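*Asks:* For reference, the structure I am asking about is given below.
Residue numbers (the working numbering): 13 to 685.
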């Protein structure tokens, strides 16, 4: 109707009525037929208007309702009618004929009859009933032709069947020849098609074909079963590989009992007594599957329990945490990970009811306020030996100061502050950390501001108390640089056995090489004095060198390269148990080759027995099959258990390390389930 309104507006304004409407609606069969013939309602109207222009005595008539319906149905653009009119100019030359004129001429309708039957003459007083009949006859002929074409198209569509699959159809009782043996037989409802669906089979051949089909189906079932078993085995191997455990084809009776207990974990009251070792296994499995809840937690609570660890407390509410202190009053060690629902009342309940609590580890205590932390430290006082907190934005500067004054000056031996965003005062941090005089393990990782952990603060602490440290973890403290390595670790880190400096992008290769080379060259009996006067023992510091690291992690220390790697193995070749050197892109293929040659030929290392069990070389682009095979089969033969090669695209399936063997190769791109 919108196109009709636009045409009516154009006619009322005296325009030529042409329209270029690019929007089309649904078309009927009559519309399609007339469009193919080049016939449009607008064209008919324009030609009639052109013929009426010399006779301006009559006004433009309004189109009849029948023409309006036809005009709405035909919505295609109309070409200019000046070249389509079958008119004779003043020189007697006939112009080109339109498609409508040619079609009507074939139907025996002349232009004179069309002029007499034109709908524009309907408003004239000279219109006669005979002319109306001729006009109706013209429209009837057009509609009859459209019906004939529509019928022909329907007949062609009826010949096509979407369900026709090429399979020959048959009628029961008809005589047919067998496709296989060519014998005559009578078709029944039980007649079968041939395997290629090109013919029909007699009863004998059909029976044989059915038996063959049954055998094929059984064979396919067996193959499918074998494939499922193989896929399940591959999945078990991959799962065990990622979990860093061995694949056991025949499970132990103990493991079967644990699995049965897990199936009925909700009925904890009827399970009876279970050994502590088995309870620890069940606890880890429940935490891994994230099914530890208030009901299943009761299985692990006992009045004589001294150590309790829950690795996933996401489904434990405040009531569950209160049950821990009520059921286990003799707890000395408590570890709660993902304890986001631990409330202030729960923490104070631990402090007042767990009289023997010495070790506490909390991961994610988001709800604990600053006042509650201070009250907890006041109650516990000098009882705490270990305090570990991670992922807490409410643990702030005042809490650290209270911790150092109440616990750090007395018995605190291990301290962990990981992702504690509330600590942001550098001066207060320096003052507080100086109170931790007896620490043997210190972890400060991923501070909110890298300037908080500076070289000066840690060098001062190492100079005072670094000789007591056995474990130092400073992951993500990117404000540290070479000064800390050379002035803090080198002279005062002689008793360190665990060192982790992940993501320290400012430490250079030369500083780390000097650190390990100096530690390797200084014998344990030598003494080096640092001070203004070497003869004055009060102003000197004895240094005996480090005897070897057990755990070393230098992941993503992006400036380290070949010489650092060689210095590390020259110093800690026989003592390293876990070594993480992933993400260091400056290590080259030539450097690995020189390292292998050095480890094979060095006389000092030849008689040393390596103890390396876990090696991580992930995202080091020059690690290849030959390097891994040399490490596993020659240099660290018999001791290396786990090798991680995530992101090492040059380690392929051809690497001679089997997943079922003593060494597990984790992270190969070719290892798929």
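Ideal placement from N, C-alpha and C gives every residue a C-beta, glycine not left out. These figures come from a predicted structure and were not determined experimentally.
1) Using a Cβ-Cβ cutoff of less than 6 Å, which residues in the same chain neighbour residue 348 once the five nearest sequence positions on both sides are dropped?
2) Can you have a look at residue 610 and say buried or exposed, based on whether 16 or more other CB atoms are within 10 angstroms of its CB?
3) Should residue 48 be labelled buried (16 or more other beta-carbon atoms within 10 Å of its own) or exposed?
4) Please classify residue 9 as buried or exposed, where buried requires at least 16 other C-beta atoms within 10 Å of its C-beta.
5) Quick one: using the 10 Å Cβ neighbour count with 16 as the cut-off for buried, is residue 457 buried or exposed?
6) With H, G and I counted as helix, E and B as strand and the rest as coil, what does DSSP make of residue 681?
7) With 16 as the cutoff for other CB atoms within 10 Å, does residue 56 come out buried or exposed?
8) With DSSP as the reference, please indicate the residues paired to residue 375 in a beta bridge.
9) Please report the straight-line C-alpha distance between residue 562 and residue 619, rounded to a whole angstrom.
10) Assuming the contact rule is C-beta atoms closer than 8 Å, residue 462 and residue 419 should be a hit. Round their C-beta distance to whole Å, please.
11) Considering only the alpha carbon of each residue, which of 424, 473, 468 lies closest to residue 450?
12) Could you tell me if residue 189 is buried or exposed, where buried requires 16 or more neighbouring beta carbons within 10 angstroms of its beta carbon?
13) Is the beta carbon of residue 434 closer than 8 Å to that of residue 405?
14) Give the straight-line distance between the Cα atoms of residue 474 and residue 442, rounded to the nearest whole angstrom.
15) In its own chain, which residues sit with a C-beta less than 7 Å from the C-beta of residue 183, not counting the 5 before and 5 after it?
16) Rounded to whole angstroms, what is the Cα-Cα separation between residue 62 and residue 160?
17) Along the beta strand (DSSP E) that carries residue 196, what are the first and last residues, could you check?
18) Using the Cα positions of residue 511 and residue 318, report the straight-line distance between them to the nearest angstrom.
19) Relative to the C-alpha of residue 46, which residue among 156, 229, 500 is closest?
20) Assign residue 151 to one of three DSSP states: helix, strand, or coil.
21) What first and last residue would you give for the alpha helix (DSSP H) that runs through residue 54?
22) Closest by CA to residue 603, which one among 520, 573, 593?
23) At a cut of 8 Å, does the region 632-650 reach the region 659-679 through at least three beta carbon pairs?
24) Given this structure, state the Cα-to-Cα distance separating residue 359 from residue 570, to the nearest angstrom.
25) In chain order, what residues of the same chain lie with their CB nearer than 7 Å to the CB of residue 274, ignoring the 5 residues before and after it?
26) Suppose you measure from the CA of residue 236 to the CA of residue 429; what does that come to, to the nearest Å?
27) Assuming residue 500 and residue 470 form a contact by the criterion Cβ under 8 Å, report the distance between their Cβ atoms to the nearest whole angstrom.
28) Report the three-state DSSP secondary structure of residue 192 (helix, strand or coil).
29) To the nearest angstrom, how far is the alpha carbon of residue 292 from that of residue 302?
30) DSSP three-state label for residue 393, please.
31) Within this structure, are the beta carbons of residue 633 and residue 607 separated by less than 8 Å?
32) For the candidate residues 677, 676, 439, 628, whose alpha-carbon lies nearest to that of residue 409?
33) Straight-line CA distance for residue 378 to residue 385?
34) Where do the ends of the alpha helix (DSSP H) carrying residue 215 lie?
35) Pull up the distance between the alpha-carbon of residue 58 and that of residue 52, whole angstroms please.
36) At what residues does the alpha helix (DSSP H) containing residue 521 begin and finish?
*Replies:* To lay it out plainly:
1) Taking the first residue of the chain shown as 1, we reach residue 348 at position 336. Cβ contact annotation for residue 348 (same chain, cutoff 6 Å, sequence separation greater than five): 322, 325, 374, in chain order.
2) Taking the first residue of the chain shown as 1, we reach residue 610 at position 598. Under this definition residue 610 is an exposed residue.
3) Walking along the chain shown from the start, residue 48 turns up at place 36. Around the beta carbon of residue 48, a 10 Å sphere encloses fewer than 16 other beta carbons of the protein chains shown; the residue is thus reported as exposed.
4) Given that the chain is displayed from residue 13 to residue 685, the structure contains no residue 9 and the question cannot be resolved.
5) For the purposes of this step, residue 457 is identified with residue 445 of the chain shown, where counting begins at 1. Around the beta carbon of residue 457, a 10 Å sphere encloses 16 or more other beta carbons of the protein chains shown; the residue is thus reported as buried.
6) Counting from one through the chain shown, the residue named residue 681 turns up at place 669. In the structure shown, residue 681 sits in coil (DSSP, three-state: anything other than H, G, I, E or B).
7) For the purposes of this step, residue 56 is taken as the residue at position 44 of the chain shown. When all chains shown are included, residue 56 counts as buried.
8) In the chain shown, the residue the question calls residue 375 occupies position 363. Answer is 349, 402.
9) Locating residue 562 in the chain shown gives position 550, where the first residue counts as 1. Locating residue 619 in the chain shown gives position 607, where the first residue counts as 1. Computed Cα separation, rounded: 19 Å.
10) The residue given as residue 462 occupies position 450 in the chain shown. The residue given as residue 419 occupies position 407 in the chain shown. Between residue 462 and residue 419 a beta carbon distance of about 27 Å is seen, past the 8 Å cut, so the two are scored as non-contacting.
11) In the chain shown, residue 450 corresponds to position 438, counting from 1. Measuring C-alpha to C-alpha distances from residue 450 to each of 424, 473, 468 identifies 424 as the nearest.
12) Numbered from 1 along the chain shown, position 177 holds the residue referred to as residue 189. Label assigned to residue 189: exposed.
13) In the chain shown, the residue the question calls residue 405 occupies position 393. In the chain shown, the residue the question calls residue 434 occupies position 422. Yes, the Cβ-Cβ distance between residue 405 and residue 434 is below 8 Å.
14) The residue given as residue 474 occupies position 462 in the chain shown. The residue given as residue 442 occupies position 430 in the chain shown. The alpha-carbon atoms of residue 474 and residue 442 are separated by roughly 12 Å.
15) The residue you call residue 183 lines up with position 171 of the chain shown. The residues are 199.
16) As a working mapping, residue 62 is identified with position 50 in the chain shown. As a working mapping, residue 160 is identified with position 148 in the chain shown. Cα-Cα distance, rounded: 32 Å.
17) Residue 196 sits at position 184 when you count from the first residue of the chain shown. Note, residue 196: beta strand (DSSP E), 196-198.
18) As a position in the chain shown, residue 511 is number 499, starting the count at 1. As a position in the chain shown, residue 318 is number 306, starting the count at 1. C-alpha of residue 511 to C-alpha of residue 318: approximately 30 Å in a straight line.
19) Against the chain shown, residue 46 aligns to sequence position 34. Per the C-alpha coordinates, the member of 156, 229, 500 positioned closest to residue 46 is 156.
20) Working through the chain shown from its first residue, we reach residue 151 at position 139. Helix.
21) Here residue 54 is taken as the residue at index 42 of the chain shown, counted from 1. For residue 54, the uninterrupted alpha helix (DSSP H) run begins and ends at 53-64, by DSSP.
22) The residue given as residue 603 occupies position 591 in the chain shown. Between residue 603 and the set 520, 573, 593, the nearest pair of CA atoms involves 573.
23) Contact between the region 632-650 and the region 659-679 is present, with at least three C-beta pairs closer than 8 Å.
24) Here the question's residue 359 lines up with position 347 in the chain shown. Here the question's residue 570 lines up with position 558 in the chain shown. Rounded to whole angstroms, the gap between the alpha carbons of residue 359 and residue 570 is 41 Å.
25) One-based indexing of the chain shown puts residue 274 at position 262. Only 294, 297 meet the Cβ criterion.
26) As a position in the chain shown, residue 236 is number 224, starting the count at 1. As a position in the chain shown, residue 429 is number 417, starting the count at 1. Taking the straight line from one Cα to the other gives about 54 Å.
27) If you number the chain shown from 1, residue 500 lands on position 488. If you number the chain shown from 1, residue 470 lands on position 458. Rounded to the nearest angstrom, the Cβ distance from residue 500 to residue 470 is 6 Å, consistent with a contact under 8 Å.
28) Locating residue 192 in the chain shown gives position 180, where the first residue counts as 1. Coil at residue 192, not helix or strand.
29) The residue labelled residue 292 in the question sits at position 280 within the chain shown. The residue labelled residue 302 in the question sits at position 290 within the chain shown. Cα to Cα, the separation comes out at about 15 Å.
30) Here residue 393 corresponds to residue number 381 of the chain shown, with the count starting at 1. Three-state DSSP puts residue 393 in a helix.
31) As a position in the chain shown, residue 633 is number 621, starting the count at 1. As a position in the chain shown, residue 607 is number 595, starting the count at 1. Using a Cβ distance threshold of 8 Å, residue 633 and residue 607 do not count as a contacting pair.
32) Taking the first residue of the chain shown as position 1, residue 409 is located at position 397. Cα-wise, what sits closest to residue 409 is 439.
33) Residue mapping note: residue 378 aligns to position 366 of the chain shown, counting from 1. Residue mapping note: residue 385 aligns to position 373 of the chain shown, counting from 1. The alpha-carbon atoms of residue 378 and residue 385 are separated by roughly 12 Å.
34) Translated into positions along the chain shown, residue 215 becomes position 203. DSSP places residue 215 in the uninterrupted alpha helix (DSSP H) bounded by 215-254.
35) Here the question's residue 58 lines up with position 46 in the chain shown. Here the question's residue 52 lines up with position 40 in the chain shown. Their backbone Cα atoms lie some 10 Å apart in a straight line.
36) The count along the chain shown starts at 1 and reaches residue 521 at position 509. Per DSSP, residue 521 belongs to the alpha helix (DSSP H) from 521-533.
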